[in-house]
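Its first residue numbered 247, the sequence shown is counted upward by one per residue in this note's numbering.
Below you'll find the structure, written out as structure tokens, and then a few comments.
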Amino acid sequence: ICHPPAGTTREDVVRRFERLRMLAYAGCEENIHSGRHGESNFCILDAGNQEILSVTLDDAGNYTVNCQGYHETHRLTLDTAQGEECTGHAEGASGTLRTSLLPATTTPQTAAEYEAAWSEWKRAAPEGESRGRAEAVKRMRACLKKGNSVLYVGRVGLTTLPDLLPPNITTLFIPGNTLTRLPALPPGLRELSVSYNQLTSLPPLPPGLCKLSVFNNQLASLPALPSGLQILWAYRNRLTRLPALPPGLRELSVYRNQLTRLPESITGLSSEATVNLEGNPLSERTLQALRDITSAPGYSGPRIRFDMAGASAPREVRALHLAVADWLMPAREGEPAPADRWHVFGQEDNAA
Numbered sequence: 247i248c249h250p251p252a253g254t255t256r257e258d259v260v261r262r263f264e265r266l267r268m269l270a271y272a273g274c275e276e277n278i279h280s281g282r283h284g285e286s287n288f289c290i291l292d293a294g295n296q297e298i299l300s301v302t303l304d305d306a307g308n309y310t311v312n313c314q315g316y317h318e319t320h321r322l323t324l325d326t327a328q329g330e331e332c333t334g335h336a337e338g339a340s341g342t343l344r345t346s347l348l349p350a351t352t353t354p355q356t357a358a359e360y361e362a363a364w365s366e367w368k369r370a371a372p373e374g375e376s377r378g379r380a381e382a383v384k385r386m387r388a389c390l391k392k393g394n395s396v397l398y399v400g401r402v403g404l405t406t407l408p409d410l411l412p413p414n415i416t417t418l419f420i421p422g423n424t425l426t427r428l429p430a431l432p433p434g435l436r437e438l439s440v441s442y443n444q445l446t447s448l449p450p451l452p453p454g455l456c457k458l459s460v461f462n463n464q465l466a467s468l469p470a471l472p473s474g475l476q477i478l479w480a481y482r483n484r485l486t487r488l489p490a491l492p493p494g495l496r497e498l499s500v501y502r503n504q505l506t507r508l509p510e511s512i513t514g515l516s517s518e519a520t521v522n523l524e525g526n527p528l529s530e531r532t533l534q535a536l537r538d539i540t541s542a543p544g545y546s547g548p549r550i551r552f553d554m555a556g557a558s559a560p561r562e563v564r565a566l567h568l569a570v571a572d573w574l575m576p577a578r579e580g581e582p583a584p585a586d587r588w589h590v591f592g593q594e595d596n597a598a
């Protein structure tokens, strides 16, 4: 507070004073104020309600600290060099002070820092969202203080989430809100359910995620899927393609999207896996290939549900590797074509 890093903003100061409130002894929280003499004034009071320290920001970028007759002014500019001098004055004395331009903390390390971020997010709630944000903060506090691993904040009208989520949670349920984006997700997350929102994209997924439920959103694509993902429910979105599928995936529900082709990895799923592709504009050639593959003798892949449009049309019997090439995603540069990879399988006994 007395030696602000370069680039300090009003929001940074708010967070620091909120952190002080959290660290204060019981009953002393009200002696720490933000906005007592305007939104850019912050102060600490003594037992007699007198200011013992205050911080004031002005439009010119000056940050002034007053402490019992001593005051110091810092220039808050992003290009300030480390060790830049600032003026400082005390009654009966003059001179210069060096501002210690330490880097601002970017990764929270204490409960107080999380609390400060959540309090600021709650304070900035738009009209009509205050109650929902208050409820979300209440539940996040419980996760942090009591070690709760499940955070559920459903159908409370949230349009955003705070940039910081409880780091200890393994399950996050935020259904039925109006979110358009998500912040960075806790690294230990195992289950994520954000269905019935307005999401247009997802952040990178935690490596240990096992279940992902994102149905009824506006997603056009999905990020890379964790290798251990077992359940993916992404129906009723706008997906035009799927990423590579983990071999251990047991449930894939992507009906009513805009898929026209499928990833080759879909054929690598086990016979215990279920796949629902209904309601996608898969090409007739793709549908024909699905019928050929799933009806071939000895087929041991996943159980796939798809529309049977065109099933009454004459069926052309083609080599397996050519049928597969019609519905697999094109190979990336430098990789062998899907037809080449499947040609060897077409030479086996009972191949279609």
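Glycine included, each C-beta is placed from N, C-alpha and C at the ideal position.
The alpha helix (DSSP H) enclosing residue i, as first and last residue numbers
i: residue 385; result: 376-392
Nearest-angstrom Cβ-Cβ length linking residue i and residue j, presumed shorter than 8 Å
i: residue 299; j: residue 313; result: 5 Å
i: residue 430; j: residue 449; result: 6 Å
i: residue 419; j: residue 439; result: 5 Å
i: residue 378; j: residue 404; result: 5 Å
i: residue 442; j: residue 422; result: 5 Å
i: residue 445; j: residue 465; result: 6 Å
i: residue 512; j: residue 533; result: Wrong, their Cβ atoms sit about 14 Å apart, outside the cutoff.
First and last residue of the uninterrupted beta strand (DSSP E) at residue i
i: residue 300; result: 297-303
i: residue 443; result: Unbroken run through residue 443: none, as it is neither H nor E.
i: residue 426; result: Looking at the DSSP string, residue 426 is not in any beta strand (DSSP E), and its letter there is neither H nor E.
i: residue 396; result: 396-398
i: residue 255; result: Taken as a continuous stretch (DSSP letters only), residue 255 belongs to no beta strand (DSSP E), as it is neither H nor E.
i: residue 417; result: 417-419
i: residue 439; result: 437-439
Assigned secondary structure, residue i (DSSP; H/G/I helix, E/B strand, else coil)
i: residue 260; result: helix
i: residue 324; result: Model confidence at residue 324 stands at a pLDDT of 40, short of 50, so the residue's coordinates are unreliable; what they give is reported in the following sentence. Correct three-state label for residue 324: coil.
i: residue 463; result: coil
i: residue 309; result: strand
i: residue 365; result: helix
i: residue 562; result: Only weak support is given to the placement of residue 562: the predicted model assigns it a pLDDT of 49, under 50, and the value that follows is read from those uncertain coordinates. Looking at residue 562 - three-state DSSP - the assignment turns out to be coil, as it is neither helix nor strand.
i: residue 248; result: coil
i: residue 276; result: helix
i: residue 292; result: coil
i: residue 373; result: coil
i: residue 266; result: helix
Short Cβ contact (9 Å threshold) for residue i with residue j
i: residue 525; j: residue 502; result: yes
i: residue 515; j: residue 500; result: no
i: residue 498; j: residue 463; result: no
i: residue 384; j: residue 376; result: no
i: residue 551; j: residue 517; result: no
i: residue 505; j: residue 486; result: yes
i: residue 407; j: residue 425; result: yes
i: residue 472; j: residue 453; result: yes
i: residue 400; j: residue 414; result: no
i: residue 387; j: residue 416; result: no
i: residue 317; j: residue 250; result: no
i: residue 519; j: residue 536; result: no
i: residue 279; j: residue 263; result: yes
i: residue 460; j: residue 366; result: no
i: residue 634; j: residue 371; result: Residue 634 falls outside the range modelled here, since the chain spans only 247 to 598, and no answer is possible.
Within-9 Å CB hit, residue i to chain C
i: residue 390; result: The structure shown has no chain C; it contains just one protein chain.
Secondary structure, alpha helix (DSSP H): runs of 4+ residues fully inside the region 472-554: 530-540
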